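If you count the sequence shown from 1, you need to add 695 to reach the numbering used here.
One structure is given below, encoded as structure tokens.
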Amino acid sequence: MCEVLSPGLAVSVLKAIFQEVHVQSLLQLDRHTVYSIITNFMGTREEELKGLGADFTFGFIQVMDGEKDPRNLLVAFQIVRDLIAKNYALGPFVEELFEVTSCYFPIDFTPPPNDPHGIQREDLILSLRAVLSSTPQFAEFLLPLLIEKMDSDLQSAKLDSLQTLTACCAIYGQKELQEFLPSLWSSLRREVFQTASEKVEAECLAALHALSACLSRSVLSSDTEDLLDSFLSSILQDCRHHLCEPDMKLVWPSAKLLQAAAGASLRSYHCVTRSVLPLLLEQYTKHPQSSQRRTILEMLLGFLELQQKWGYVEEDESSLLSLQAQVCSVVFSALTDPSVQLQLVGIRALTVLGSLQGFLSPSDLELVVDHLIRLALHEEDSQSSEAAMEAAGSLAPIYPKVFSGCMVPRLEEELQSEPEEESSRDHCSLRQRCLQALAAVSIHTSIVRETVPVLLQHLRKVQKGSEAGNTQDMVSVCQSLHRVALQCQQDAEGCWYYHQTVVPCLLALAVQAAMQESAHPLLGKALLEEEVLAAMVPIISAATTHLSPELAAQSVSHVVPLFLDGEVSFLPQNSFPCSFKPFEDGECLEAQRRLVALLMAFVCSLPRDVAIPQQERLLQELLALSCSCNCPFTATTAAKCFAGLVNKHPAGQQLDEILQLAVNRMEPGLAEGPRRMQALTLLLWVTKALVLRYHPLSSRLTDKLLGLLGDVELGPTAADGFSLLMAESPDVLHKGCHADVRIMFRQRFFTDNVPKLVQGFHRAGPDVKANYLKGLSHVLNHLPKPVLVTELPTLLSLLLEALSCSDRVVQLSTLSCLQPLLLEAPQIMSLHVDTLVTKFLSLTSSPAMVRVPPPASSPHPSPPPLQLPSPISLPGCPHRRPALCPRAYQPAHNSAAPVQGPSYPGTGQAFG
696 MCEVLSPGLA VSVLKAIFQE VHVQSLLQLD RHTVYSIITN FMGTREEELK
746 GLGADFTFGF IQVMDGEKDP RNLLVAFQIV RDLIAKNYAL GPFVEELFEV
796 TSCYFPIDFT PPPNDPHGIQ REDLILSLRA VLSSTPQFAE FLLPLLIEKM
846 DSDLQSAKLD SLQTLTACCA IYGQKELQEF LPSLWSSLRR EVFQTASEKV
896 EAECLAALHA LSACLSRSVL SSDTEDLLDS FLSSILQDCR HHLCEPDMKL
946 VWPSAKLLQA AAGASLRSYH CVTRSVLPLL LEQYTKHPQS SQRRTILEML
996 LGFLELQQKW GYVEEDESSL LSLQAQVCSV VFSALTDPSV QLQLVGIRAL
1046 TVLGSLQGFL SPSDLELVVD HLIRLALHEE DSQSSEAAME AAGSLAPIYP
1096 KVFSGCMVPR LEEELQSEPE EESSRDHCSL RQRCLQALAA VSIHTSIVRE
1146 TVPVLLQHLR KVQKGSEAGN TQDMVSVCQS LHRVALQCQQ DAEGCWYYHQ
1196 TVVPCLLALA VQAAMQESAH PLLGKALLEE EVLAAMVPII SAATTHLSPE
1246 LAAQSVSHVV PLFLDGEVSF LPQNSFPCSF KPFEDGECLE AQRRLVALLM
1296 AFVCSLPRDV AIPQQERLLQ ELLALSCSCN CPFTATTAAK CFAGLVNKHP
1346 AGQQLDEILQ LAVNRMEPGL AEGPRRMQAL TLLLWVTKAL VLRYHPLSSR
1396 LTDKLLGLLG DVELGPTAAD GFSLLMAESP DVLHKGCHAD VRIMFRQRFF
1446 TDNVPKLVQG FHRAGPDVKA NYLKGLSHVL NHLPKPVLVT ELPTLLSLLL
1496 EALSCSDRVV QLSTLSCLQP LLLEAPQIMS LHVDTLVTKF LSLTSSPAMV
1546 RVPPPASSPH PSPPPLQLPS PISLPGCPHR RPALCPRAYQ PAHNSAAPVQ
1596 GPSYPGTGQA FG
């Protein structure tokens, strides 16, 4: 409409509105229409409106004056912002425009319940703040107002004022701030010294930072006073002496103020630290108590961390560089203090100093390494030890030559040292820490080339001789190797070095141990323990997932023939006493078959586009092993490996044939015989592989699994299998190992199979009903919470029945399902509150819910108790409100009063 108006008509319309209409006497909707007309004209007839000069500004001031409706105010505030941003003439009406908007500051508005317009207090606050901070012309009027509101007793007014001041500093200069700096500093200082509110303190510090940054940006002429210098001098004068007070009451408030100002610019940092750093170093020496030294060092650390913002230490200006020796002396002394808390602060300070390139001298770096080794290996407190390792990991990539040349040899020496008889336990702990420290510093490729051989050599040593039975030590080495593998993944060179060094070595050690086990059952046995093999799996997986397709293809051409054909030529030290045939029959080859776990870790972690040689043969061997092996560990890993390959296999006839072969092996195995459990394990893993990729056969296999819930022998395990189908597996069939995982597969599985679970439950006999409940609870527990809350009400009656089940897993899973409903769907739960309370009371006396600590040797510790948040409010229960409803409940269907004109609910005096 605005575009078709003849030139000049927009001005005529606005003049008529300004002169003939008393806008504030109109209804809200009509006032909103006036604001919309003005907005549209400003967007389409800008030049015509600017021709009115300051009369347009004055006219709008008259229109807006007295507005109280939040809907209209949001539009009016936007018009004011446009007036200023588009350079409309304000003329002599700057103060009037400020007054007509600032009268709403600070915003005090509470939206009415069930407000259909959705206007929040924060919307109005931000919109008004954008107006007030839009032009330096408001400064002379706004800054006194902000100072006044900062001194008020209302916290919301303080916060709004401080945040507005921070916003204004982005556009102000020295000229606008000069007159008000003393008052602003006085108010900020008082609030930080006296406030009990962390929010107010944080906003004060942010405002002080913004003021210092604003003064730092100003360009000075030769005859202009440097306001930054005088402002910082005032801050130093008021805060510096508090750093020296014996009782140290105002030390932290003063330090925070100084750091807020210093962090604004490099110039302010130098100005503050020239005065403060020598004082802090002096105070550290004067105070002998560890607690006081810790406080002082933490303040010093705050200033050191600010230096990190500016990067390289500039020799000509840096006060820090001139105090290098004293700072290092203080930090090193903290590292040797008996107080653990002071040590921890010292370690943090040491890390910051090390990050300042050029600050530490070569001799200082040697001392750093000495301290880190001592703390990491020999400090009794684990906090200091862990912090020292973390610091070493942070500094190692900055100084790779120092750490590979000094720290790694020292750690290797400690690792190889022989224990004294009376301190074998201490030596075991020392060995553990050495392994952890070696992994922690393996960040840079050059360091990895030094640490990996040390770790592998130690693994060989543990496998041999008197330590051959130390399973836990082997696991510790594997955990360190795994950490190094993860740290190498983002560096292509380091990743390939690690892979081609570690994977063949682990395979060689395992093959050698398996062959020794076949010939001499007592040798090399620890390496074949399930716990050790399980610890080696993530190493090989992490070393493989990030390989490029070309390098992965090179590696797979060696590993697969090793398992299929016994081709050991690529392994180091490959002179083995017999051939390696893990897929052949024979009791003496049982140890070799266990190494299929390592094959699984490798082939299931390859990128999807890497071709696996002899894949069909490999799948057939894995399928046969998973169904025929008597060892549960071997059968399971073979099934997982088979499933991992099937998941990535391209669709087509070959996949269909191998799946049909698997079904033909599983179905008779499930029907009868001694290996029903192996067949069920294979069914679960193949079903998961196909469910993840939406393969059509997944429905048939899932139906088979549902049928097994009615089996007395396999039913409980089949029910637990639903957790395996829905949960993320840590070693195979997840996105990290390039598995084919479709989005929302859990929701699709729920939709397809939960109705079948419900039907099966109603048809099942009493002895197997619990299996269906357990399967259902596993499915529900792995659904995304928003989906769970939406779907649970239809299953609520069944879940309430599940609470009466004697199976503890069913009880806990059901409680976990009900928890989000109690929190997010109280209207539904209130309909069943009597049943819920009865069931919960029964559970409190149920033997299944009483936690009995398991024996120390038990491999299955009891699960932790369910943690329900408190309080939980249920609506519609007035007779129980004292117990369950701490607040009165307002039904969601209550409708708000109709909105008409200026009588918008919640306004009135809200903005007066």
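Virtual Cβ for every residue (Gly too), placed ideally from N, Cα, C.
Note that this is a predicted model, so its numbers are computed, not measured.
Please return the same chain residues whose Cβ sits closer than 6 Å to the Cβ of residue i, not counting the five positions on each side in sequence.
{"i": "Lys710", "result": "none"}
{"i": "Pro1550", "result": "For Pro1550, the pLDDT reaches just 42, beneath the cut-off of 50, and the residue's location in the model is therefore unreliable, leaving the point undetermined."}
{"i": "Gly1571", "result": "Its pLDDT being 40, under 50, Gly1571 is placed unreliably by the model, and the measurement read from it follows with that caveat. Contacts found: Ser1525."}
{"i": "Leu1531", "result": "none"}
{"i": "Arg776", "result": "Ala825, Val826, Ser829"}
{"i": "Phe793", "result": "Phe833, Phe836"}
{"i": "Val706", "result": "Glu743"}
{"i": "Pro1092", "result": "Ile1138, His1139"}
Thinking C-alpha only, which one of the options is nearest residue i?
{"i": "Ala955", "options": "Glu940, Val1136, Leu931", "result": "Leu931"}
{"i": "Glu1074", "options": "Ile1042, Pro1092, Ser1089", "result": "Ile1042"}
{"i": "Leu945", "options": "Ile802, Gln984, Thr990", "result": "Thr990"}
{"i": "Lys853", "options": "Gln873, Pro811, Phe800", "result": "Phe800"}
{"i": "Gly1088", "options": "Leu1067, Leu974, Glu1486", "result": "Leu1067"}
{"i": "Asp1398", "options": "Thr1240, Pro1450, Asp725, Glu1423", "result": "Pro1450"}
{"i": "Asp924", "options": "Ser960, Ser1137, Ala780, Leu1401", "result": "Ser960"}
{"i": "Val1149", "options": "Thr1166, Ser892, Gln1167, Tyr1193", "result": "Tyr1193"}
{"i": "Gln1511", "options": "Leu1494, Glu1145, His1527", "result": "In the sequence under discussion, the amino acid at residue 1511 is Ser, which differs from the Gln named in the question. Measuring from the Cα of Ser1511, the nearest candidate turns out to be Leu1494."}
{"i": "Phe751", "options": "Gln723, Val770, Leu1392, Val708", "result": "Val708"}
{"i": "Gly813", "options": "Phe1258, Leu769, Leu838", "result": "Leu769"}
{"i": "Ala780", "options": "Pro831, Phe1337, Gln889", "result": "Pro831"}
{"i": "Gln1184", "options": "Thr1239, Gln1167, Arg1144", "result": "Thr1239"}
{"i": "Gly748", "options": "Ile733, Ser720, Gly786", "result": "Gly786"}
{"i": "Ala771", "options": "Pro811, Glu790, Gln723, Arg740", "result": "Gln723"}
{"i": "Phe1417", "options": "Asn1448, Gly1431, Glu1408, Lys1430", "result": "Asn1448"}
{"i": "Gln1207", "options": "Ser878, Val1198, Leu1222, Ser949", "result": "Leu1222"}
{"i": "Val1097", "options": "Gln1315, Ser882, Ser1056", "result": "Ser1056"}
{"i": "Arg1105", "options": "Val795, Gln1052, Glu1061, Ser1171", "result": "Glu1061"}
Could you tell me whether the Cβ atoms of residue i and residue j are closer together than 8 Å?
{"i": "Leu1133", "j": "Ser1079", "result": "no"}
{"i": "Phe788", "j": "Phe753", "result": "yes"}
{"i": "His1177", "j": "Ile1234", "result": "yes"}
{"i": "Arg1360", "j": "Leu1318", "result": "yes"}
{"i": "Ser1017", "j": "Thr968", "result": "no"}
{"i": "Arg824", "j": "Gln858", "result": "yes"}
{"i": "Trp1191", "j": "Leu1110", "result": "no"}
{"i": "Ser1236", "j": "Asp1426", "result": "yes"}
{"i": "Met1421", "j": "Val1474", "result": "yes"}
{"i": "Arg1288", "j": "Thr1331", "result": "no"}
{"i": "Ser985", "j": "Leu1030", "result": "no"}
{"i": "Pro1391", "j": "Pro1302", "result": "no"}
{"i": "Val1227", "j": "Thr1166", "result": "yes"}
{"i": "Asp1435", "j": "Arg1388", "result": "yes"}
{"i": "Leu1072", "j": "Leu1125", "result": "yes"}
Please look up how many angstroms separate the CB atoms of residue i and residue j, rounded, as I've assumed it's under 8 Å.
{"i": "Leu1404", "j": "Val1463", "result": "7 Å"}
{"i": "Pro1277", "j": "Leu1290", "result": "6 Å"}
{"i": "Asn1610", "j": "Ala1414", "result": "In the structure as shown, the chain starts at 696 and stops at 1607, and residue 1610 therefore has no counterpart that could be examined."}
{"i": "Gly868", "j": "Ser928", "result": "Actually they do not touch by this definition, with Cβ atoms about 20 Å apart."}
{"i": "His727", "j": "Asn767", "result": "5 Å"}
{"i": "Gly1320", "j": "Ala1333", "result": "Per the sequence shown, residue 1320 should be read as Leu rather than Gly. About 4 Å; that satisfies the 8 Å criterion."}
{"i": "Tyr979", "j": "Leu992", "result": "7 Å"}
For residue i, which residues of its own chain have a beta-carbon under 8 Å away from its beta-carbon, when the five flanking residues on both sides are left out?
{"i": "Glu1311", "result": "Gln1349, Ile1353"}
{"i": "Leu1217", "result": "Only weak support exists for where Leu1217 lies, its pLDDT of 45 falling under 50; the value from the coordinates is given anyway. Closer than 8 Å at Cβ, skipping near neighbours: no residue."}
{"i": "Gln815", "result": "Pro806"}
{"i": "Val795", "result": "Ile756, Met759, Asp760"}
{"i": "Leu922", "result": "Gln869, Leu872, Gln873, Leu876, Leu910, Ser913"}
Skipping 5 residues on each side, what residues in its chain have a beta carbon closer than 7 Å to that of residue i?
{"i": "Pro1488", "result": "Ala1520, Ile1523"}
{"i": "His937", "result": "Leu945, Val946, Ser949"}
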